[in-house]
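Student:
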Amino acid sequence: MTYCAALEFLLEKFDQSQPVNLLSPSPLEIVHAGFSSRNMNVLPGASRYECAAHGAVFGADDVPSGGPAAGHHQSLHVPDCGIASNAVFRYPIFRRTGEGRARAVIILLHGLNEKRWDKYLPWALRLAESTGKAVALFPIAFHMNRTPADWSNARSMNAVSAERRALYPSIAHSSFANAAISVRLQAAPQRFFWSGFQTYCDLVQLVEEIREDRHAAIAPGASIDFFAYSIGSFLSELILMTDPGGYFADSRLFIFCGGPTLDRMYPGSRYIMDSEAVIALHAYLIEHLDNELRRYPRLCHYFREHPEVWDCFRAMLSYPKLKSLREQRFRAIAERIEALALRQDAVIPPVEVINTLQGDMRDIPIRVHVREFPYLYSHVMPFPFRHSLGPQLDECFDGVFDIAAAHLR
């Protein structure tokens, strides 16, 4: 089956309202598992916070829910901790039909500002077919089906984008697709940490549920590996660097179009975030973080009480900072990581992937492949849905996923 034929087939079959999607004649099926996050209490928006472990109590974070151009769009004013779709959701798992609970699973982590699984369906199918492992597509907080539906509504978000262009005449990359995330991150850049930390904790919770024999589709002794794309790579790198709970000591990671420190990524895009959001995010996390911590004692408390996560997080924010720690951690897990970058990727340049994963002296033995495709592609769409590309598209897709499957097999 060609890449385009596979995508058409999967889009016809994929239905998250059903518990199972059969993929006959393929020997695979898609199971939609439920998840209830126990980690909503870390998110901004509450009037009071309590850390029971340390007896610490904090007031409201004074984090705006909306921001400039949020206007009357009510969904952008809902406090983060009150967004129900982010707390209880379903996620798809590709697995072999009739084989019971999976004994090995690859967790697929997606890119920033994604609302649909469409482009990832052929990726998951191919990984499941090639490795024989189940593939779980787990959504990052406030992404995919963990967002209010209005954030994907073209009419509503076109209005937000128009308001942003009026407010900021020099704005670049503003669109309905990135309006919601741009408003929210510009208003409160610390959301990048809090939503990432929730997802980090959710992944630990997921593996705890598996190990405690409380997952209907995955066996308690199943191996756990990662296929991570774009910002999902940032999260999965932190998971392997810190190994929370000791659950990920043997996990392997394949990185696709990701891997560098945050300051070496260039996320300005009509599909990711606009220029005003990029400026605010970089200023907060890379230039002024130490000063910002003094303004938010709860954020400071979490960092102080999770020092390993904090240090690795800071090491992945800026290439010059904590470089020795970052390179030490990557050196320790090098044999379990492999990466593939695309030569014309403007969001995640290949040289920055190499710089971060192999280090200044290129003495960290993480294998990084750099590929070029003979057609017009982008970071957001490495495999465009165009039948006219014919065998070229299939060869490029096969080339990437042959390497990924060999590493994760």
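Counting from 178, one number per residue, gives the positions in the sequence shown under my numbering.
No residue lacks a Cβ here, since even glycine has one placed at the ideal position from N, Cα and C.
1. Report the residue from K310, A357, L286 and F480 whose alpha carbon sits nearest the alpha carbon of G436.
2. If we require 3 or more residues per run, which beta strand (DSSP E) segments fall completely within the region 387 to 451?
3. Mapping the DSSP letters down to three states, classify P299 as helix, strand or coil.
4. Tell me the residue span of the alpha helix (DSSP H) that contains E206.
5. Tell me whether R491 is buried or exposed, calling it buried when 16 or more other Cβ atoms sit within 10 Å of its Cβ.
6. Around the Cβ of G398, are there at least 16 other Cβ atoms within 10 angstroms (buried) or fewer (exposed)?
7. Can you tell me which of H254, W300, S452 and I207 puts its alpha carbon nearest to the alpha carbon of R341?
8. Per DSSP, what kind of secondary structure is A318 in: helix, strand or coil?
9. CB-CB under 8 angstroms to H478, same chain, minus the five flanking residues each way: which ones, in chain order?
10. Hey, out of F550, S501, I525 and Y554, whose CA is closest to M538's CA?
11. Is the beta carbon of A339 closer than 7 angstroms to that of N263?
12. According to DSSP, simplified to helix, strand and coil, what is R506?
13. If distances are taken between C-alpha atoms only, which option among Y268, E414, A457 and P346 comes closest to I358?
14. Hey, how far is the Cα of P551 from the Cα of A518?
15. Just to confirm the assignment: which complete alpha helix (DSSP H) runs, minimum length 4, are found wholly within the region 496 to 545?
16. Starting from the Cα of P269, find the closest Cα among L302, Y424 and S407 and give me that residue.
17. Helix, strand or coil: how does DSSP classify V265 here?
18. Which of the three DSSP states is assigned to I284 in this structure?
19. Would you kindly check if the distance between the Cβ of L534 and the Cβ of A516 is under 7 angstroms?
20. Between the region 438 to 446 and the region 318 to 336, do at least 3 Cβ pairs fall closer than 8 angstroms?
21. Hey, T376 and V486: beta-carbon distance below 7 angstroms or not?
22. Can you tell which of H584, R586, F574 and E529 has the C-alpha that lies nearest to the C-alpha of W300?
23. Using 10 angstroms around the beta-carbon of S372, count the other beta-carbons present and answer buried if the total reaches 16, otherwise exposed.
24. Identify the residues that DSSP records as bridge partners of G156: which are they?
25. Between which two residues does the beta strand (DSSP E) carrying L199 extend?
26. Apart from the five residues on each side of it in sequence, which residues of its chain come closer than 8 angstroms, Cβ to Cβ, to N532?
27. Going by alpha carbons, who is nearest to I449 out of E482, L220 and I408?
28. Can you tell me whether I348 is helix, strand or coil according to DSSP?
29. Under the assumption that S410 contacts I432 (Cβ atoms under 8 angstroms), give the Cβ distance between them as a whole number of angstroms.
30. So, are the CB atoms of L494 and L462 less than 7 angstroms apart?
31. Where does Q251 land, buried or exposed, given buried means 16+ other C-beta within 10 angstroms?
32. Please report the residue range of the alpha helix (DSSP H) in which T190 lies.
33. Looking at V282 and I395, is the spacing between their C-beta atoms short of 7 angstroms?
34. Output the distance between the C-alpha atoms of E464 and K498, rounded to the nearest integer angstrom.
35. Are the CB atoms of N198 and C378 nearer to each other than 7 angstroms?
36. From the DSSP output, in three-state form, read off V547 for me.
Tutor: A quick look at the data gives this:
1. L286
2. Within the region 387 to 451, the complete beta strand (DSSP E) runs of at least 3 residues are 395 to 406 and 430 to 433.
3. Under the three-state reduction of DSSP output, P299 falls in the helix class.
4. Where E206 is concerned, there is no enclosing alpha helix (DSSP H), although the beta strand (DSSP E) it sits in stretches over L205 to S213.
5. With 16 or more other Cβ atoms within 10 Å, it is buried.
6. exposed
7. Minimum Cα distance to R341 is reached at S452.
8. Three-state DSSP puts A318 in coil, outside helix and strand.
9. C228, H231, A233 and F235
10. S501
11. no
12. When secondary structure is reduced to three states using DSSP, R506 falls in the helix class.
13. A457
14. Rounded to the nearest angstrom, the two C-alpha atoms are 15 angstroms apart.
15. 500 to 510 and 527 to 535
16. Selected option, being the one with the closest Cα: L302.
17. strand
18. strand
19. Yes, Cβ-Cβ distance for A516 and L534 is below 7 angstroms.
20. no
21. Contact flag unset, no.
22. F574
23. buried
24. Any answer about residue 156 is impossible in this case: the structure gives the chain only from 178 up to 586.
25. V197 to L199
26. P437, R441 and Y496
27. I408
28. coil
29. 4 angstroms
30. Yes. Within cutoff.
31. exposed
32. What sits at residue 190 in the sequence shown is Lys, not Thr. Per DSSP, the unbroken alpha helix (DSSP H) holding K190 starts and ends at Y180 to K190.
33. yes
34. 11 angstroms
35. no
36. V547 falls in the strand class under three-state DSSP.
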